[in-house]
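Novice: Protein chains in written order, with our numbering: chain W, 1 to 149; chain R, 150 to 298.
For every residue, glycine included, the Cβ atom is placed at its ideal position computed from N, Cα and C.
Protein chains: 2
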Amino acid sequence: MISQKAKYALRALTALAQADTERPLMISEIATQQAIPKKFLEQILLELKRNGIVESRRGKQGGYLLLKPAQDITFGEILRLIDGPIAPLPCLSQTAYRRCEDCDGEHLCEIRHVFARVADASRDVLFSTTIADAVGGVEDARALDLAIA
Amino acid sequence: MISQKAKYALRALTALAQADTERPLMISEIATQQAIPKKFLEQILLELKRNGIVESRRGKQGGYLLLKPAQDITFGEILRLIDGPIAPLPCLSQTAYRRCEDCDGEHLCEIRHVFARVADASRDVLFSTTIADAVGGVEDARALDLAIA
DNA sequence: TTAATGTCTACTGAACAGGTAGAGTTGGTC
DNA sequence: GACCAACTCTACCTGTTCAGTAGACATTAA
Chain W
1 MISQKAKYAL RALTALAQAD TERPLMISEI ATQQAIPKKF LEQILLELKR NGIVESRRGK
61 QGGYLLLKPA QDITFGEILR LIDGPIAPLP CLSQTAYRRC EDCDGEHLCE IRHVFARVAD
121 ASRDVLFSTT IADAVGGVED ARALDLAIA
Chain R
150 MISQKAKYAL RALTALAQAD TERPLMISEI ATQQAIPKKF LEQILLELKR NGIVESRRGK
210 QGGYLLLKPA QDITFGEILR LIDGPIAPLP CLSQTAYRRC EDCDGEHLCE IRHVFARVAD
270 ASRDVLFSTT IADAVGGVED ARALDLAIA
């Protein structure tokens, strides 16, 4: 399971991606729109800012903006930022590798082989899908809804 | 990340799969061989027993045996048993579905679409790979090691 | 100058991870 | 029929993480 925090982060980013690229979106706007506790969202956006995903303007008329285009922000990137390693085992992490001290020889570890395939499959999806894809996909669905109704 | 407990469970099962099918393997044998804290392993095996994966014999000469053939025990099954739902979001779980109360309309949820693909990819691997596969795969590797040496 | 914004640090309560401890039960074996 | 090696069960413990909450502070447009 991904954390609530990561889910909030991804939703906040989709909100920013859908917004006007000129006018910053306030924390409170995003919080209300996406039903995220405001003070919690504050911390999340701060973290995204420190990692160069969004930028902020302070003071009146302040708020948040995407720093990169939405099609350059992948799900994997955000997930790794917020939740840490994607890998199902420490010895399979690309960013935080740690040897399992209880298995002798990684290519002899029965478990590792299997989870390596799981990790590859997940990463394939996560790093090839962007915030823009997500927003686009749903706009298609919404249009279809309208057409049917 | 999968829990340490799940990793231990999978290793214990590979140990049982590799052992003689007649003579039960004692908790302490598995614990020593796989470097698992004995009392913790006890609880794990008990849980596997309650769920019909292994059987036990009490008293002297007692121990544990696989209840089903190793090729009928999938990684997904064990993982779900020990760690709970495989899905990255509660609203994608097959066994413990729970609606996200903060998103309106699941097919309009930007996040859900993406993680549905991740979940499918993971389940593909996890439910098509068995304990027997894992043991077999490593025996191949071990044979190769010997051939090289 | 002031009011509306983001920034930062600290705290908290509940749940979960990863075990440990110890009393109890069962069933071969002598 | 006693003994002892095994499994069984319940309880407990310590540390960490999750999901927030609180509140003082800094900045800036109007």
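1) Can you tell me whether Lys7 of chain W is buried or exposed, with buried defined as 16 or more other CB within 10 angstroms of its CB?
2) Cβ of Ile179 of chain R within 7 Å of Cβ of Ala158 of chain R?
3) Ala35 of chain W versus chain R: which residues are under 7 Å apart at the beta carbon?
4) Please classify Ser3 of chain W: is it buried, with 16 or more other beta-carbons within 10 angstroms of its beta-carbon, or exposed?
5) For my contact list, Ser56 of chain W and Ser271 of chain R are in at a C-beta cut-off of 8 Å; report their separation, rounded to the angstrom.
6) Spell out whether any CB of chain R is found under 7 Å from the CB atom of Ile111 of chain W.
7) Strictly under 7 Å for the Cβ-Cβ distance: is Leu10 of chain W near chain R by that measure?
8) Over what stretch of residues does the beta strand (DSSP E) that includes Ser56 of chain W continue unbroken?
9) Enumerate in chain order the residues of its own chain whose CB-to-CB distance from Ala219 of chain R is below 7 Å, with the five nearest sequence positions on each side excluded.
10) Should the segment 45-55 of chain W be called in touch with the segment 109-120 of chain W, which here means at least 3 C-beta pairs below 8 Å?
11) Which ranges does the alpha helix (DSSP H) cover as unbroken runs of at least 4 residues, wholly within the segment 26-83 of chain W, from first to last along the chain?
12) Give me the Cα-Cα distance between Lys38 of chain W and Asp169 of chain R, rounded to the nearest whole angstrom.
13) Using a Cβ-Cβ cut-off of 7 Å, state whether Thr129 of chain W counts as contacting chain R.
14) Taking just the CA atoms, how far does Ala12 of chain W sit from Ile73 of chain W?
Specialist: Once the coordinates are examined:
1) buried
2) no
3) Asp251
4) exposed
5) Not quite, the Cβ-Cβ distance comes to about 35 Å (not below 8 Å), so this is no contact.
6) yes
7) yes
8) 54-57
9) Ala166, Thr279, Ile280, Ala281, Val284
10) no
11) 27-34, 38-50, 75-83
12) 59 Å
13) yes
14) 13 Å
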